[in-house]
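This report concerns only the one structure given below.
Number of protein chains: 2
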Amino acid sequence: MSALETLIGELARLPGVGRKTAQRLAYHLLQQPRERMTTLAEALVAVGERVHPCAECGQPSEETVCDICRDPRRDASLLCVVEEPSGMAVLERSGAFRGRYIVLGGRLSPLDGIGPDALRIGLLQRRLDQGEVQEVILATNSSLEGEATATYLQQLLAGRGQMKVSRLARGLPVGGELEYVDGVTVTHALTAREAL
Amino acid sequence: MSALETLIGELARLPGVGRKTAQRLAYHLLQQPRERMTTLAEALVAVGERVHPCAECGQPSEETVCDICRDPRRDASLLCVVEEPSGMAVLERSGAFRGRYIVLGGRLSPLDGIGPDALRIGLLQRRLDQGEVQEVILATNSSLEGEATATYLQQLLAGRGQMKVSRLARGLPVGGELEYVDGVTVTHALTAREAL
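So the sequences go chain by chain: W and P. For reference, each letter of the first sequence is one residue, going 2 to 197 in my numbering. For reference, each letter of the second sequence is one residue, going 2 to 197 in my numbering.
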């Protein structure tokens with residue numbers, strides 16, 4: 002197999018990248034100065050060598066324990082559980098959350114063979130055992146699997162007594178138009194309507 | 002900047018890949034076995050080092066002169082001019098063309114500062130000077146720039162006398178439904194209708 006075909010094959014294995022897109026990306030890279038490909042290759046190698054899950058929350062980090070887990074200004078009484086680092090990134094960008102996180106690394110999905118053992122529930126329990134957490138915010142996705150994961154965690158946490166457990170509110174996107182919101186979301190927004 | 006941010010930045014420079022997609026790709030790679038990233042990095046380096054434009058047609062090749070240009074069974078009297086290697090790949094996959102190619106490496110686009118000098122018109126002229134070509138098929142895209150490029154080449158070739166110059170037919174996609182074809186294509190299909 003030629004070098005170009007190997008590269009196209011590797012690119013086509015990325016999620017959301019089909020063979021045609023992989024081809025387009027490879028041809029694009031070919032038209033760039035050679036350093037572009039070297040830089041990308043080096044970035045891949047650097048991530049592969051240096052980035053590992055944080056030992057306390059599971060988010061990708063170059064340190065054993067990540068910035069957020071080491072930051073003494075973060076509120077240790079608030080713990081937010083997300084599926085993926087991307088969810089954590091969204092919350093961090095909002096600036097609205099000053100607690101800590103657990104990144105599960107996925108969601109329960111029995112059909113794909115993903116059970117509780119595949120998630121970082123051990124990290125969650127260890128964090129709770131430290132006794133500082135007073136509220137756990139279940140910020141899993143609002144998908145079927147995300148909801149199932151939240152329900153599972155809720156039951157797991159129920160055994161721990163006084164702790165508050167919450168879920169991110171669901172409803173209309175702020176600034177969004179009613180016209181473009183799906184029926185299930187509208188139903189939820191109506192049921193969970195907020196008194197003024 | 003962290004290794005992960007560098008990788009996301011590099012991925013986000015690819016065409017059609019925004020910051021969010023770049024993030025998703027990077028997180029996906031992080032969840033794969035480490036070899037995946039190394040393999041992709043090596044594929045990039047190999048392409049960067051080994052692949053160059055064919056000296057005769059301009060398509061990416063690991064040899065100085067590509068397979069197709071070296072193949073004595075290809076019809077040297079037929080020359081097909083395409084914009085990009087992807088167009089050439091489509092024609093090759095069809096199996097309907099047994100001539101040779103020139104890959105221009107783009108299309109005329111004055112607004113982007115792409116004039117004739119940025120294309121491989123020198124290769125085209127050198128091929129024609131060899132005197133074997135009897136027909137040039139202008140297979141540039143059916144876009145505004147592709148048409149302009151075809152017109153430019155047609156004028157350039159007009160000075161060369163007896164040579165036949167053609168253009169890929171435009172019309173309904175085979176197997177496509179009339180209902181989904183745009184007005185300009187229908188108009189062209191009607192004007193260029195084929196007698197039965």
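From the three backbone atoms N, C-alpha and C, an ideal C-beta is built for every residue, glycine too. The model shown is predicted, which means the values in this text are computed figures rather than measured ones.
If you measure from the beta carbon of Val46 (chain P) to each beta carbon in chain W, is any gap under 7 angstroms? Taking a beta-carbon distance threshold of 7 angstroms, Val46 (chain P) counts as an interface residue toward chain W.
Helix, strand or coil for Ser87 (chain W) per DSSP? Per DSSP, reduced to three states, the secondary structure at Ser87 (chain W) is helical.
Spatial neighbours of Glu146 (chain P) in its chain, beta-carbon cut-off 8 angstroms, leaving aside the 5 residues before and after: If you ignore the 5 residues before and after Glu146 (chain P), its C-beta comes within less than 8 angstroms of the C-beta of Arg108, Leu109, Ser110, all in its own chain and listed in chain order.
Can you confirm whether the region 119-128 of chain P touches the region 56-67 of chain P when touching is taken to mean that 3 or more C-beta pairs between the two stretches lie within less than 8 angstroms? Touching, yes.
For Asp113 (chain P) and Thr150 (chain W), I'd like the C-alpha separation in whole angstroms. One C-alpha to the other measures close to 50 angstroms.
Check: Glu6 (chain W) C-beta below 6 angstroms from any heavy atom of the ligand SAH: The model depicted lacks the ligand SAH and carries no ligand whatsoever.
Would you mind giving the Cβ-Cβ distance between Ile1 (chain W) and Arg101 (chain W), rounded to the nearest angstrom? I have them listed as a contact below 8 angstroms. With chain W covering only 2 through 197, there is no way to say anything about residue 1 (chain W).
Tell me which same chain residues have a C-beta within less than 7 angstroms of the C-beta of Leu154 (chain P), skipping the five on either side of it? So the list reads Val82, Leu139, once near-sequence residues are dropped.
Compare the C-beta of Gln60 (chain W) against all C-beta atoms of chain P and say whether one is closer than 7 angstroms. Answer no: the Cβ-Cβ gap between Gln60 (chain W) and chain P never drops below 7 angstroms.
Sufficient close CB pairs (3 or more, under 8 angstroms) joining the region 33-44 of chain W to the region 172-190 of chain W: With fewer than three CB-CB distances shorter than 8 angstroms, the region 33-44 of chain W does not count as touching the region 172-190 of chain W.
By the three-class DSSP mapping on this structure, what secondary structure does Val66 (chain P) have? Val66 (chain P): coil per DSSP, three-state reduction.
In the region 8-29 of chain P, which residues sit with their C-beta less than 9 angstroms from some C-beta in chain W, listed in chain order? Of all residues in the region 8-29 of chain P, Leu8, Ile9, Gly10, Glu11, Leu12, Arg14, Leu15, Pro16, Gly17, Val18, Lys21, Thr22, Gln24, Arg25, Leu26, Ala27, Tyr28, His29 have a Cβ within less than 9 angstroms of some Cβ in chain W.
List the endpoints of the continuous beta strand (DSSP E) containing Val48 (chain W). First-last for Val48 (chain W): 35-51, but that is the alpha helix (DSSP H), not the beta strand (DSSP E).
Alpha helix (DSSP H) segment containing Glu148 (chain P), residue limits: DSSP places Glu148 (chain P) inside the alpha helix (DSSP H), whose first and last residues are 145-159.
With DSSP as the reference, label Glu136 (chain W) as helix, strand or coil. Strand at Glu136 (chain W).
Please state if the CB of Ala23 (chain W) and the CB of Leu45 (chain P) are separated by a distance shorter than 7 angstroms. Cβ distance not < 7 angstroms, so Leu45 (chain P) and Ala23 (chain W) don't count as in contact.
Taking C-alpha atoms, which residue in P:Leu31, P:Leu158, P:Arg25 lies nearest to Leu129 (chain P)? Here the closest residue by C-alpha is P:Leu158.
Comparing C-alpha positions only, which one of W:His53, W:Leu12, W:Gln32 sits nearest to Leu120 (chain P)? Per the Cα distances, W:Gln32.
To the nearest angstrom, how far is it from the Cα of Gly172 (chain W) to the Cα of Glu136 (chain W)? Approximately 22 angstroms, taken between the alpha carbons.
Mapping the DSSP letters down to three states, classify Pro16 (chain P) as helix, strand or coil. Coil at Pro16 (chain P), not helix or strand.
Going along chain W, which residues have a C-beta under 7 angstroms from Gly49 (chain P)? Within 7 angstroms Cβ-Cβ: Arg35, Met38, Thr39.
Would you say Ala56 (chain W) faces chain P, with C-beta separation under 7 angstroms as the test? For Ala56 (chain W), the closest Cβ of chain P is not nearer than 7 angstroms.
Could you tell me the boundaries of the alpha helix (DSSP H) in which Ile103 (chain P) lies? Segment 101-104 is the beta strand (DSSP E) holding Ile103 (chain P); no alpha helix (DSSP H) there.
Inspect the beta-carbon positions of Thr11 (chain W) and Ala77 (chain W) and report whether they are closer than 7 angstroms. Before going further, note that residue 11 (chain W) is Glu rather than Thr in the sequence given. Cβ distance not < 7 angstroms, so Glu11 (chain W) and Ala77 (chain W) don't count as in contact.
If I'm right that Leu92 (chain P) touches Phe98 (chain P) with Cβ under 8 angstroms, what's the distance once you round it to whole angstroms? About 5 angstroms separates the two Cβ atoms, so the contact holds.
Flag Val66 (chain P) as yes if its beta-carbon sits less than 7 angstroms from any beta-carbon of chain W, otherwise no. Taking 7 angstroms as the CB threshold, Val66 (chain P) stays off the interface with chain W.
Mark Ala4 (chain W) as exposed unless 16 or more other C-beta atoms lie within 10 angstroms of its C-beta, in which case mark it buried. Result: buried.
For Ala47 (chain W), which of P:Ile115, P:Thr152, P:Lys165, P:Leu8 has the nearest alpha-carbon? If we check each option's Cα against that of Ala47 (chain W), P:Leu8 comes out closest.
What does Leu5 (chain W) reach in chain P if we use C-beta pairs closer than 7 angstroms? In chain order: Val48, Val52, Pro61.
N-terminal and C-terminal residue of the beta strand (DSSP E) that Val166 (chain W) is part of: Counting along the chain, the beta strand (DSSP E) containing Val166 (chain W) begins and ends at 165-168.
With 16 other Cβ atoms within 10 Å as the buried cut-off, status of Glu84 (chain W): Around the beta carbon of Glu84 (chain W), a 10 Å sphere encloses 16 or more other beta carbons of the protein chains shown; the residue is thus reported as buried.
Give a yes or no on whether the minimum CB-CB distance between Ser87 (chain W) and chain P is below 7 angstroms. It does; some Cβ of chain P falls within 7 angstroms.
Given that Leu109 (chain P) touches chain W, what residues does it touch there, using C-beta distances under 7 angstroms? Those do not exist, as Leu109 (chain P) stays about 16 angstroms from chain W at its closest Cβ, beyond 7 angstroms.
Quick check on this structure: which residue in P:Thr192, P:Pro73, P:Val18, P:Leu26 has the alpha carbon closest to the alpha carbon of Pro16 (chain W)? Taking only the C-alpha atoms, the option nearest Pro16 (chain W) is P:Leu26.
Residues of chain W with a CB under 7 angstroms from the CB of Ala42 (chain P): which are they? Result: Ala42, Leu45, Val46.
Output the distance between the C-alpha atoms of Arg168 (chain P) and Thr65 (chain P), rounded to the nearest integer angstrom. About 29 angstroms.
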